[in-house]
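Chains as they are written, first to last, in the numbering used here: chain A, 1 to 127; chain B, 128 to 254; chain C, 255 to 381; chain D, 382 to 508. A short write-up of the structure that comes next.
Protein chains: 4
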Amino acid sequence: MLKKIITPRISETNITGHIGHTVIPVWLEEGYEEIIRLFSQNLAEPSLITVNMNIDFLHEIFFGKDVEILTSVKKVGTSSFILHQDVYQDGILCVRASTTLVHFDYSTHKPASIPKAFRDILKEHVS
Amino acid sequence: MLKKIITPRISETNITGHIGHTVIPVWLEEGYEEIIRLFSQNLAEPSLITVNMNIDFLHEIFFGKDVEILTSVKKVGTSSFILHQDVYQDGILCVRASTTLVHFDYSTHKPASIPKAFRDILKEHVS
Amino acid sequence: MLKKIITPRISETNITGHIGHTVIPVWLEEGYEEIIRLFSQNLAEPSLITVNMNIDFLHEIFFGKDVEILTSVKKVGTSSFILHQDVYQDGILCVRASTTLVHFDYSTHKPASIPKAFRDILKEHVS
Amino acid sequence: MLKKIITPRISETNITGHIGHTVIPVWLEEGYEEIIRLFSQNLAEPSLITVNMNIDFLHEIFFGKDVEILTSVKKVGTSSFILHQDVYQDGILCVRASTTLVHFDYSTHKPASIPKAFRDILKEHVS
Chain A
1 MLKKIITPRI
11 SETNITGHIG
21 HTVIPVWLEE
31 GYEEIIRLFS
41 QNLAEPSLIT
51 VNMNIDFLHE
61 IFFGKDVEIL
71 TSVKKVGTSS
81 FILHQDVYQD
91 GILCVRASTT
101 LVHFDYSTHK
111 PASIPKAFRD
121 ILKEHVS
Chain B
128 MLKKIITPRI
138 SETNITGHIG
148 HTVIPVWLEE
158 GYEEIIRLFS
168 QNLAEPSLIT
178 VNMNIDFLHE
188 IFFGKDVEIL
198 TSVKKVGTSS
208 FILHQDVYQD
218 GILCVRASTT
228 LVHFDYSTHK
238 PASIPKAFRD
248 ILKEHVS
Chain C
255 MLKKIITPRI
265 SETNITGHIG
275 HTVIPVWLEE
285 GYEEIIRLFS
295 QNLAEPSLIT
305 VNMNIDFLHE
315 IFFGKDVEIL
325 TSVKKVGTSS
335 FILHQDVYQD
345 GILCVRASTT
355 LVHFDYSTHK
365 PASIPKAFRD
375 ILKEHVS
Chain D
382 MLKKIITPRI
392 SETNITGHIG
402 HTVIPVWLEE
412 GYEEIIRLFS
422 QNLAEPSLIT
432 VNMNIDFLHE
442 IFFGKDVEIL
452 TSVKKVGTSS
462 FILHQDVYQD
472 GILCVRASTT
482 LVHFDYSTHK
492 PASIPKAFRD
502 ILKEHVS
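Written out as structure tokens, the structure reads:
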């Protein structure tokens with residue numbers, strides 16, 4: 001399980017004093033950026049693309065207190081895998097998200113098998 | 128059906144030359160901002176909250192060409208409704224999204240029935 | 255003079271109901287994106303970098319009404335030029351900005367002379 | 382002097398692999414958010430507005446390494462003050478910024494004197 005702390009920013013606070021829901025995918029991406037880096041030597045040669053994102057917004061998130069993002073691998077397929085993420089603030093589960101990423105070969109423009117080395121690392125984070 | 132044109136911005140273009148997936152929820156929100164305004168006299172007294180967002184990313188979106196967002200109402204419940212959105216660029220369906228919004232009463236901190244006047248307007252956009 | 259219309263977004267509205275000042279540079283960049291495109295065949299081979307930005311915030315900008323950005327070229331030097339931008343909402347001058355861009359050669363990592371063809375185009379926008 | 386660490390985000394990385402210049406004001410605001418909080422009990426009753434921002438972009442900033450923002454108070458006037466900020470990555474000075482904030486009374490819609498208690502705190506950060 002990956003663990004990431006995010007400090008909500010003034011500019012992410014909307015007119016109601018909450019963090020706008022459109023900010024959450026930005027934070028979730030930071031929650032799994034370690035995995036992105038495992039796959040891509042550098043960001044300019046990406047090999048992972050996001051194909052689905054399903055987010056439940058369960059509770060308001062406020063400016064002024066850090067949030068914690070817990071990321072685990074849910075399922076590893078041949079060329080794709082699913083991440084599960086929980087976002088907590090002050091002990092309250094505020095967001096629950098599921099993201100499907102595909103290992104993509106830009107030269108053939110098709111999904112590609114996840115190499116065994118990466119598959120093994122992903123499996124370490126299954127929970 | 129609501130129709131909205133968005134011009135991708137330089138700052139929304141990521142290292143691969145595509146629009147990053149985290150930008151899409153911002154655009155989708157603009158796709159249905161007319162509906163948000165129907166419910167709230169002003170943004171500071173919101174009565175709609177987003178409780179779920181499910182997005183399929185089907186095709187890359189590039190800088191340099193406008194996108195079109197088509198928004199329709201999928202289902203109207205007692206206190207919530209579901210929007211369906213399709214995002215096209217150059218005639219290609221790039222994103223398909225489903226968003227669930229709840230009519231929320233901040234004074235009781237509970238979902239509230241959608242007033243008949245709004246329900247009628249929402250039904251006009253059902254497709 | 256270049257003219258660009260921007261529609262403020264819900265997600266750009268901050269807790270006070272205004273557009274946060276951090277949003278303005280994003281809009282200003284859209285105000286001169288035509289010039290960026292003149293210099294770069296594509297965004298991945300940039301030849302213009304921003305070296306200075308000086309912004310006066312003169313009046314609040316609100317969600318709900320379009321803004322108009324007027325961009326003119328102020329001064330054209332050997333390898334750099336200065337843009338002047340005025341942002342209006344509802345006939346009120348809200349932002350006045352000055353941006354200095356340098357024609358940059360990434361291979362030598364040094365400023366490079368602005369080619370005559372571009373210099374001529376820039377001069378058309380001097381005011 | 383205030384010190385803040387920011388981790389560049391994937392979504393802040395532009396097509397050239399650098400952090401886009403439009404991201405910097407967002408980071409700078411986080412660099413002085415402690416000062417904003419001193420003035421406003423909560424963000425919804427702001428008493429500080431940004432009236433000028435002058436930023437020199439001296440060096441590219443990259444994804445993958447934290448940046449450090451050093452903020453000091455430059456000058457304290459009757460109703461306004463100026464902040465100076467330096468942004469470092471890997472020991473290199475990448476951004477130098479000056480921001481002028483005004484203590485503003487929204488009821489009279491005019492600048493207001495900075496209360497002595499805040500003036501004293503600001504003076505502690507003068508350098």
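Just so it is clear, CB atoms sit at the ideal spot from N, CA and C, and this is done for glycine as well.
* Asked: Using Cβ-Cβ distances below 7 Å, what residues of the stretch 132–147 of chain B are close to chain D?
  -> S138, T140, N141, I142, G144 and G147
* Asked: When you compare only the Cα positions, how much space is there between D/L409 and C/H313?
  -> Taking the first residue of the fourth sequence as position 1, residue 409 of chain D is located at position 28. Taking the first residue of the third sequence as position 1, residue 313 of chain C is located at position 59. The alpha-carbon atoms of D/L409 and C/H313 are separated by roughly 21 Å.
* Mind checking if B/D183 is an interface residue toward chain A, Cβ cutoff 8 Å exclusive? -> Counting from 1 along the second sequence, the entry for residue 183 of chain B is found at position 56. By this cut-off, B/D183 is an interface position.
* Using a C-beta to C-beta distance shorter than 8 Å, which residues of chain C count as neighbours of B/I188? -> Counting from 1 along the second sequence, the entry for residue 188 of chain B is found at position 61. Within 8 Å Cβ-Cβ: nothing; B/I188 doesn't reach chain C, min ~14 Å.
* D/V507 CB to nearest chain A CB: under 8 Å? -> Translated into the one-based positions of the fourth sequence, residue 507 of chain D becomes position 126. No, D/V507 does not count as interfacial toward chain A.
* Would you tell me roughly how many angstroms separate the C-alpha atoms of B/A224 and B/V214, rounded to the nearest one? => What you label residue 224 of chain B is simply residue 97 of the second sequence in a count that begins at 1. What you label residue 214 of chain B is simply residue 87 of the second sequence in a count that begins at 1. Taking the straight line joining both Cα atoms gives about 8 Å.
* Quick one: which chain A residues come within Cβ less than 9 Å of C/T332? -> The residue given as residue 332 of chain C occupies position 78 in the third sequence. Within 9 Å Cβ-Cβ: nothing; C/T332 doesn't reach chain A, min ~31 Å.
* Asked: Per the contact definition of three or more C-beta pairs closer than 8 Å, is the stretch 482–494 of chain D in contact with the stretch 440–451 of chain D?
  -> no
* Check the Cβ of A/V26 against every Cβ in chain D and list those closer than 7 Å, keeping chain order. => Against the first sequence, residue 26 of chain A aligns to sequence position 26. Residues of chain D passing the Cβ test: R390 and S392.
* Would you mind working out which of D/N395, D/I436, D/T480 and D/P389 sits nearest B/I137, comparing C-alpha positions? => Counting from 1 along the second sequence, the entry for residue 137 of chain B is found at position 10. Looking at the Cα atoms, D/N395 is the closest of the given residues.
* Asked: Quick one: what does DSSP say A/S113 is sitting in, helix, strand or coil?
  -> As a position in the first sequence, residue 113 of chain A is number 113, starting the count at 1. DSSP places A/S113 in coil when its eight states are reduced to three.
* Cβ neighbours of D/P389 in the same chain (closer than 6 Å, five flanking residues each side left out) -> Mapped onto the fourth sequence, residue 389 of chain D falls at position 8. Counting only Cβ-Cβ distances below 6 Å, and skipping sequence neighbours, we find I400 and F444.
* List, in order along the chain, the chain D residues whose C-beta lies closer than 9 Å to that of B/T198? -> For the purposes of this step, residue 198 of chain B is taken as residue 71 along the second sequence, with counting starting at 1. Under the 9 Å cutoff, chain D gives no residues; its nearest Cβ is about 24 Å from B/T198.
* To do: Drop a sphere of 10 angstroms on the beta-carbon of D/I436, count the other beta-carbons inside from all chains shown, and report buried for 16 or more, exposed for fewer.
  => Taking the fourth sequence and counting its residues from 1, the one referred to as residue 436 of chain D is at position 55. Taking a 10 Å sphere around the C-beta of D/I436, we find 16 or more other C-beta atoms and assign the residue as buried.
* Asked: Out of D/M382, D/P492 and D/D501, which has the shortest C-alpha to C-alpha gap to D/S460?
  -> By one-based count along the fourth sequence, residue 460 of chain D stands at place 79. Ranking D/M382, D/P492 and D/D501 by Cα distance to D/S460 puts D/P492 first.
* Asked: Quick one: is B/E156 near chain E, going by C-beta distance under 8 Å?
  -> Among the protein chains in the structure shown, which are A, B, C and D, there is no chain E.
* To do: Give me the Cα-Cα distance between D/T452 and D/H506, rounded to the nearest whole angstrom.
  => On the fourth sequence, residue 452 of chain D is found 71 positions in, with the first residue counted as 1. On the fourth sequence, residue 506 of chain D is found 125 positions in, with the first residue counted as 1. In a straight line, the C-alpha of D/T452 is about 8 Å away from that of D/H506.
* According to DSSP, which residues form a beta bridge with C/S301? -> Here residue 301 of chain C refers to the residue found at position 47 of the third sequence. Its beta-bridge partners do not exist; DSSP assigns none.
* To do: Identify whether D/K446 lies in helix, strand or coil by the three-state DSSP scheme.
  => By 1-based counting over the fourth sequence, the position of residue 446 of chain D is 65. It is coil, neither helix nor strand.
* To do: Closer than 8 Å by C-beta to A/V51: which residues in its own chain qualify, once you throw out the five before and the five after it? Chain order, please.
  => Walking along the first sequence from the start, residue 51 of chain A turns up at place 51. S80, T100, L101 and V102, listed in sequence order.
* DSSP on D/H402, reduced to helix/strand/coil? -> Walking along the fourth sequence from the start, residue 402 of chain D turns up at place 21. Helix.
* To do: Compare the C-beta of C/T362 with all C-beta atoms of chain D and state if any pair is closer than 8 Å.
  => Looking up residue 362 of chain C in the third sequence gives position 108. At least 8 Å separates the CB of C/T362 from every CB of chain D.
* Three-way DSSP call (helix, strand, coil) for C/I289 in this model -> Position 35 of the third sequence holds residue 289 of chain C. Here C/I289 sits in helix by DSSP.
* Interface flag, D/V432 vs chain C, CB-CB below 8 Å -> For this step, residue 432 of chain D is matched to residue 51 along the fourth sequence. Chain C contact via Cβ: present.
* To do: Could you check the C-alpha separation between A/I114 and A/V73 for me, to the nearest Å?
  => Start at 1 with the first residue of the first sequence, and residue 114 of chain A comes out as number 114. Start at 1 with the first residue of the first sequence, and residue 73 of chain A comes out as number 73. Their backbone Cα atoms lie some 14 Å apart in a straight line.
* To do: Check A/L83 in the structure and name its three-state DSSP category.
  => Indexing the first sequence from 1 puts residue 83 of chain A at position 83. If DSSP states are grouped into helix, strand and coil, A/L83 belongs with the strands.
* Asked: Hey, does D/T481 have any beta-carbon neighbour from chain B nearer than 8 Å?
  -> Counting from one through the fourth sequence, the residue named residue 481 of chain D turns up at place 100. No, D/T481 lies away from the interface with chain B (no Cβ there is under 8 Å from its Cβ).
* Please compile the residues from chain A whose C-beta is within a distance smaller than 8 Å of the C-beta of D/I417. => Counting from one through the fourth sequence, the residue named residue 417 of chain D turns up at place 36. Per Cβ cutoff of 8 Å: I10.
* **Reduced DSSP secondary structure (H/G/I, E/B, other) of D/R500** => Against the fourth sequence, residue 500 of chain D aligns to sequence position 119. The answer is helix: DSSP assigns D/R500 an H, G or I state.
* So, is C/L347 buried or exposed, given that buried needs 16 or more other C-beta atoms within 10 angstroms? -> For the purposes of this step, residue 347 of chain C is taken as the residue at position 93 of the third sequence. Classification of C/L347: exposed, given that the 10 Å Cβ count is below 16.
* Going by the beta-carbon positions, is the gap between B/H148 and B/F184 smaller than 8 Å? -> On the second sequence, position 21 is the one that residue 148 of chain B refers to. On the second sequence, position 57 is the one that residue 184 of chain B refers to. Closer than 8 Å, so yes.
* First and last residue of the uninterrupted beta strand (DSSP E) at D/V507 -> Taking the fourth sequence and counting its residues from 1, one reaches residue 507 of chain D at position 126. Where D/V507 is concerned, there is no enclosing beta strand (DSSP E), given that its DSSP letter is neither H nor E.
* **Where D/L439 sits in the DSSP three-state scheme** => Indexing the fourth sequence from 1 puts residue 439 of chain D at position 58. DSSP places D/L439 in coil when its eight states are reduced to three.
* **Local conformation of D/I387 per DSSP, three classes** => In the fourth sequence, residue 387 of chain D corresponds to position 6, counting from 1. Strand, per DSSP.
* For C/E322 and chain B, any beta-carbon pair shorter than 8 Å? -> Looking up residue 322 of chain C in the third sequence gives position 68. It does not: the Cβ of C/E322 has no partner Cβ on chain B nearer than 8 Å.
* Could you tell me which of B/E195, B/G158, B/I196 and B/L165 sits nearest to B/A244, measuring between CA atoms? => Taking the second sequence and counting its residues from 1, one reaches residue 244 of chain B at position 117. Comparing Cα positions, the closest option is B/L165.
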